[in-house]
Amino acid sequence: MNLPRSCRHSKVTPRGHKMRRIIAEDLDWSLATVSSLSNLCLQCIVNNFEEKPIYEELTSSEKDFIQNRVSLSLPLHFAANVFPDGVYWKRRCEQKWKVCDVSNYGESWKRMFFERQLENIIELFVPGITEPKTVLDMVTLCKDHIKKLNIAQLLPPVKEPQTEDEEQATELTLENEDDKSGMDHFDFRILLDKLTNLEELHLVYKVKSCGMNFEWSMFEMTNRDCESLAKALKSCKTLKLFRLHLSHLEDKKCRLLVKYLLDHPSLRTLDFSHNVIGDSGARAIGKLLTKSKLEILNLYDNNIGGPGAKAIAHALSKNTTLVSLNLCLNRLNDEGGQAICKALLNNKTLLHLQLGANGVTWLTALSLSSVLAQNNTLKSINLSCNTLGEVGGNALEEAMSHNTSVTECNIHLTDIEERKVSVINQMVWNNQFRKQETSPREKNTENAN
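Offset between the sequence shown (1-based) and the working numbering: plus 339.
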């Protein structure tokens, strides 16, 4: 009889005794896969964690074991108080969102989870339908972890279908819209004063994917929205950066916001880009420059003209904190462009100036040239998409020959002949090279001291 291969004698001992080789039926069986008693105990803790949470008493490796295996369906109020930043919050983030770049959140998974969770709640908040308690309950759990909020949409109240008579009555009372009760969008007054670590707030008043329900009113803030937001900003003493863009912010609302931002103790960056701010709003911003410690001001793509630019220039001539000013895509013309440039004769702190697409001509280029010959503070200039022409090109070429600080100069689409553009760019590159050579020497000197 032929025996199975696994049962045949395969080895012979030195004394001549035959040995049998035994092969397990379970090919995956191994003694190494038997869990240790400690792991079995930890798994028992995992299985019963919600009923009996044992965590603080464990060692570091045991805590990692728990965080890697505990259920992600634990109530949020429970998990928030038990688990510090770590693997558990990484698992929850990756379960909820496809893209999780923790580097944008100070390498903190717990911060990422709570910031994005709160953002989602605010973005889906419908005034008059969603209970404010929904937001407040979340704030109780996450207030210590929120440093930045990026709100990509704010929903208006749901409009009930109206009869023809009601529509006519509504049109007649549109002028008294501010007298209607209720908020038009989310009221930030219930939130910002409770976020004691909030440093950045990015807002846009719009509705994503509105489809056939499109109305222009979905893409702007109302007067009541503005007033409530202004008061909320004043109550948030830790805020360093505030960005309100694409929200049809006009002069009246701009003045109201600025009124409440005067003397703000920590605000350093203000971004009102892609709005409709005009000269009146610009004058208010000029006043803000004299009464705050702003370092970065972005007014890209607004309706600021010469008078508004003059107000900003007047404040700039006395300002000692602003390092970056972006006025691209406005309507400064030479009246405003020259005023800004002349203000730099007295300003020794501004590093970055952007005046692209403002309708300025060679007159502004001449004013800037006189600044470049004396000012060794400016590092980058943007004059692109203006009509500087041959005269402006000559003036900038002459000024740059005496300047050693400018390392970026954008003069694309300015009607300056290519030869002069090449010469100016070469001077800028020389400044860059000189700066690169100087930096290591300065570091070595500092280390020696």
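For glycine and all other residues, C-beta sits at the position ideal for the given N, C-alpha and C.
Check                                                                                         : Outcome
Strand pairing of R317, partner residues [DSSP]                                               : The requested residue 317 is not part of the displayed model; the chain covers only 340 to 788.
Buried versus exposed, by CB contacts within 10 Å (16 or more), G645                          : buried
Exposure label - P423; buried when at least 16 CB within 10 Å                                 : exposed
Supposed close pair V543, H584 - CB separation, criterion 8 Å                                 : 6 Å
Collapsed DSSP secondary structure at K576 in the structure displayed                         : coil
R773 (DSSP reduced to helix, strand or coil)                                                  : helix
Contact check, G814 vs D590, beta carbons under 8 Å                                           : Since the first residue of the chain shown is 340 and the last is 788, residue 814 is not available in this structure.
Spatial distance of L705 from G732 (CA atoms)                                                 : 9 Å
Residues near E747 in its chain [Cβ-Cβ closer than 6 Å; skip 5 each side]                     : S719
Cβ neighbour criterion (16 or more within 10 Å) applied to Q693                               : buried
I393 versus P414 - alpha carbon distance                                                      : 16 Å
Beta-carbon proximity check, T703 vs C680, cutoff 8 Å                                         : yes
Exposure of G445, with buried meaning 16 or more beta-carbon neighbours within 10 Å           : exposed
Cβ-based neighbour list, N637, same chain, cut-off 6 Å, excluding 5 preceding and 5 following : D610, S612 and N665
Inter-residue spacing [alpha-carbon to alpha-carbon] between T473 and L463                    : 11 Å
C-beta contact flag for L655 and N686 at 8 Å                                                  : yes
Inter-residue Cα distance where the pair is E396 and E559                                     : 53 Å
Cutoff 6 Å; reference T608; Cβ partners in own chain excluding five residues on either side   : L580 and I635
Candidates D618, S740 and E390, of which the one nearest S708 by Cα                           : S740
Per-residue DSSP class, three states only, for C383                                           : helix
For D526, the nearest candidate out of S556, L493, K545 and N552 (CA to CA)                   : L493
Inter-residue Cα distance where the pair is E390 and T398                                     : 21 Å
Rounded C-alpha distance that separates V421 from S548                                        : 38 Å
I411 and Q382 closer than 8 Å at C-beta                                                       : Correcting the residue identity first, residue 411 is Leu in this sequence and not Ile. No, Cβ-Cβ distance for L411 and Q382 is not below 8 Å.
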